[in-house]
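Student:
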Amino acid sequence: PTCERYAVRRLPFAQLADGDVAFFKRLMPGRVITGEEEVKPFNVDWLKSVRGCSQLVLKPQTTAEVSQILRYCYERNLAVNPQGGNTGLVGGSVPVFDEIILSTALMNQIISFDKVSGILVCQAGCVLERLSEYLEEQGFIMPLDLGAKGSCHIGGNVATNAGGLRLLRYGSLRGTVLGLEVVLADGSALDCLTSLRKDNTGYDLKQLFIGSEGTLGVITAVSILCPQKPKAVNVAFLGCQSFAKVLETFTTCRAMLGEILSAYEFMDEKCMELVETHLKLSSPVADSPFYVLIETSGSNSTHDEEKLNNFLERAMASGLVTDGTVATDTKKIKVLWSLRERITEALTHDGYVYKYDISLPVGKLYDLVTDMRARLGRSAKNVVGYGHLGDGNLHLNITAESYSHSLLDAIEPFVYEWTARCSGSISAEHGLGFKKRHFIQYSKPHEAVLLMQQFKAMLDPKGILNPYKTLPSSPERRMC
Ligand code: FAD
Ligand code: MLT
Ligand code: ZN
17 PTCERYAVRR
27 LPFAQLADGD
37 VAFFKRLMPG
47 RVITGEEEVK
57 PFNVDWLKSV
67 RGCSQLVLKP
77 QTTAEVSQIL
87 RYCYERNLAV
97 NPQGGNTGLV
107 GGSVPVFDEI
117 ILSTALMNQI
127 ISFDKVSGIL
137 VCQAGCVLER
147 LSEYLEEQGF
157 IMPLDLGAKG
167 SCHIGGNVAT
177 NAGGLRLLRY
187 GSLRGTVLGL
197 EVVLADGSAL
207 DCLTSLRKDN
217 TGYDLKQLFI
227 GSEGTLGVIT
237 AVSILCPQKP
247 KAVNVAFLGC
257 QSFAKVLETF
267 TTCRAMLGEI
277 LSAYEFMDEK
287 CMELVETHLK
297 LSSPVADSPF
307 YVLIETSGSN
317 STHDEEKLNN
327 FLERAMASGL
337 VTDGTVATDT
347 KKIKVLWSLR
357 ERITEALTHD
367 GYVYKYDISL
377 PVGKLYDLVT
387 DMRARLGRSA
397 KNVVGYGHLG
407 DGNLHLNITA
417 ESYSHSLLDA
427 IEPFVYEWTA
437 RCSGSISAEH
447 GLGFKKRHFI
457 QYSKPHEAVL
467 LMQQFKAMLD
477 PKGILNPYKT
487 LPSSPERRMC
């Protein structure tokens, strides 16, 4: 096993042979990576917490090449790990053993953009930020945004059903993705790349692949509905004295800002300490136990500013908010957003990170952080809470100087049991990947997991696509 923290047995896939490498080199000259050093970055995840030992990275440029790769691997019984920008946070993007890495890095072409409908069709390896820049030039935006935008691929976003910072306004990818092209495990291509808002002909197969984390097929192209670029964007960064006030501020701002509210994010004082200490960012408001970032996006700057100011006056006058600052220009907006977006990065400088991504009834969101802090006491370095409060999504993160088995045992399964008691989800947006697949039963009934396993067996009978990920398999157990 490559990862000592998990007891996983290698499944009986074929071993890579010289003849296989020769085949791929003929198929894609110059786009086959071998050699330990060159392959190394593809073997390690963003958090540097999971490491595989693949010897081969393939960089196809077309759907036909992906088809040929998978057809060959299927016949040879070689396991394959689809990889986008490798920013996933649950160990799904890197091999566990020697799976061949199929990288979408060179599948980065925009196929079409229709300015009337706002529908973008592109290859799966387009980097999210590049797509955003392309669209902004034409007066549109991507319906999703996340801190990893500079590296993550749209195919990876769809494969994880990434949520991010705009979900509150534009909804999940399950609504905005209109069509997908997918190559199945046996190499056959499934062309469901339609660009229709409405299509009720039979089952909506694309939904199976959205959030399937590379276990059911390789997404090769995406058709996605993009909103108009808002004419006016404002960001308010506010300090609150308690979590109850964070919640009341949310209720008030939803009522007063209505349709122009586009994000409601929160972070606790520990998060602020971390971005200040490790990234040298400075807080724009007085020290507070909690901070809230509110974004408005609308079509009339005078109207939007007036609405926001009315809300802020009310929030300050009633003591919901004790300090705050507002940004209307792009540069200051970016500075305020970076305080929230860069928490993930700051955490990695604090030590080993135990990362949890939980959906909860919003009123109980912070209780989990408080309970965890009390439970772990001094055995953790920091226990912090932040996230997409408007979506009921808490990011609970725990840091320690280094990885410790006993600390993990104090956190899990406690965190999952706590979540299940509140009928929450143990993965709001990051997926299950390698690290969390054995905990799926805390959020899904046995019958649902069984049906998922049946879908997997039907679409990938040899189990070559991203093995050891997403779904539990009985012979493997997490080491305790
Ligand atoms: P990868 O990490 O390469 O892969 C992720 C999974 O998708 C793997 O299981 C992989 O096998 C599969 N996959 C990738 N491409 C394909 C494909 N073409 N076909 C089939 N399967 C594929 N996530 C959120 O939801 N919201 C956030 O706000 C957010 N913020 C983040 C901020 C930072 C700083 C970081 C590092 C991560 C963040 N993430 C967030 C997690 C991560 O960025 C997302 O999960 C992202 O969608 C992954 O895209 P990727 O291209 O990097 O995929
Ligand atoms: C975020 O919202 O910042 C991301 O999901 C990443 C994280 O959870 O750290
Ligand atoms: Zn998030």
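Take the position in the sequence shown, starting the count at 1, then add 16; the result is the number in my numbering.
All residues carry an ideal CB built from backbone N, CA and C; glycine is no exception.
Computed from a prediction, not measured in an experiment: that's the story for all the values here.
1) Given a cut-off of 8 Å on the beta-carbon distance, is the pair Phe259 and Val301 in contact?
2) Is it true that the CB of Val198 sits closer than 8 Å to the CB of Thr236?
3) Given Ile359, which residues of its chain have a CB within under 7 Å of its CB, disregarding the five upstream and five downstream residues?
4) Is the number of C-beta pairs between the segment 218 to 227 and the segment 257 to 276 that are closer than 8 Å three or more?
5) Assign Gln244 to buried or exposed, taking buried as 16 or more other Cβ atoms, counted over all protein chains shown, within 10 Å of its Cβ.
6) Could you tell me whether any non-hydrogen atom of ligand 2 is closer than 7 Å to the CB of His411?
7) Got a sec: does ligand 1 put a non-hydrogen atom nearer than 7 Å to the Cβ of His446?
8) Is any non-hydrogen atom of ligand 5 found closer than 7 Å to the C-beta of Ile310, if you look at the structure I gave you?
9) What span of residues does the beta strand (DSSP E) with Ile427 cover, start to end?
10) Is the number of C-beta pairs between the segment 154 to 172 and the segment 86 to 103 that are closer than 8 Å three or more?
11) Would the segment 330 to 345 and the segment 405 to 414 be scored as touching if the rule is three or more Cβ pairs under 8 Å?
12) Taking the straight line between their C-alpha atoms, what separation do you get for Leu27 and Thr415?
13) In the structure shown, what three-state DSSP assignment does Leu183 receive?
14) Spatial neighbours of Ser148 within its chain, please: C-beta separation below 6 Å, excluding the five flanking residues on both sides.
15) With a floor of 3 residues, list each beta strand (DSSP E) that falls wholly inside the segment 128 to 213, ordered by position along the chain.
16) For Ser119 and Val73, which I take to be in contact (beta-carbon distance under 8 Å), what is that distance rounded to the nearest angstrom?
17) Select from Gln77, Pro76, Lys75, Val55 the residue whose C-alpha is nearest the C-alpha of Arg67.
18) For Cys168, verify whether its CB is less than 7 Å away from any heavy atom of ligand 1.
19) Output the residue ranges of the beta strand (DSSP E) runs that lie fully inside the segment 290 to 375 and measure 3 residues or longer, sorted by chain position.
20) Distance, Cα to Cα, Lys75 vs Asn326?
21) Are three or more beta carbon pairs between the segment 303 to 322 and the segment 345 to 364 nearer than 8 Å?
22) In whole angstroms, what separates the C-alpha of Arg493 from that of Ser459?
23) With DSSP collapsed to three states, give me the class of Gly262.
24) What do you reckon, are the CB atoms on Ala279 and Arg182 nearer than 8 Å?
25) Count the other C-beta atoms from every protein chain shown that fall within 10 angstroms of the C-beta of Lys472, then say buried if there are 16 or more, exposed otherwise.
26) Using C-beta distances below 8 Å, list every residue in its chain close to Ser83, excluding the 5 sequence neighbours before and after it, in chain order.
27) Tell me which residues share the same chain as Val249 and place their Cβ nearer than 6 Å to its Cβ, disregarding the 5 neighbours each side in the sequence.
28) Beta strand (DSSP E) containing Met283: first to last residue?
29) Using a threshold of 8 Å, state whether the C-beta atoms of Gly180 and Leu160 are closer than that.
30) Given Ala444, which residues of its chain have a CB within under 7 Å of its CB, disregarding the five upstream and five downstream residues?
31) In this structure, how does DSSP classify Asn59 when only helix, strand and coil are distinguished?
32) DSSP three-state call for Arg493: helix, strand or coil?
33) Would you tell me roughly how many angstroms separate the C-alpha atoms of Leu324 and Lys348, rounded to the nearest one?
34) Quick one: give me the first and last residue of the alpha helix (DSSP H) that Ala464 is part of.
35) Taking 8 Å as the limit between beta carbons, can you name the residues of its chain near Leu392, skipping five residues before and five after?
36) What separation, rounded to the nearest whole angstrom, lies between the Cα atoms of Leu32 and Ala390?
Tutor: The answer reads as follows:
1) no
2) yes
3) Met283, Cys287, Leu290, Val291, Tyr402
4) no
5) exposed
6) yes
7) yes
8) As for ligand 5, it is missing from this structure, which binds only ligand 1, ligand 2 and ligand 3.
9) It is not in any beta strand (DSSP E) - Ile427 instead sits in the alpha helix (DSSP H) that spans 421 to 427.
10) yes
11) no
12) 33 Å
13) helix
14) Met158
15) 135 to 139, 193 to 199, 205 to 208
16) 6 Å
17) Val55
18) yes
19) 306 to 314, 339 to 343, 368 to 375
20) 53 Å
21) yes
22) Residue confidence for Arg493 is low, a pLDDT of 38 falling below 50, so the modelled location carries little weight and cannot support an answer.
23) Reading the sequence as shown, one finds Val at residue 262 and not Gly. In the structure shown, Val262 sits in a helix (DSSP, three-state: H, G or I).
24) yes
25) buried
26) Val199, Gly203, Ser204, Ala205
27) Ser313
28) 277 to 284
29) yes
30) Gly179, Asp373, Ile374, Ser375, Asn409
31) helix
32) Here the model assigns Arg493 a pLDDT of 38, short of 50, so the residue's position is not dependable, and the following value carries that caveat. The answer is strand: DSSP assigns Arg493 an E or B state.
33) 17 Å
34) 462 to 475
35) Val399, Ile414, Leu423, Ala426, Ile427
36) 49 Å
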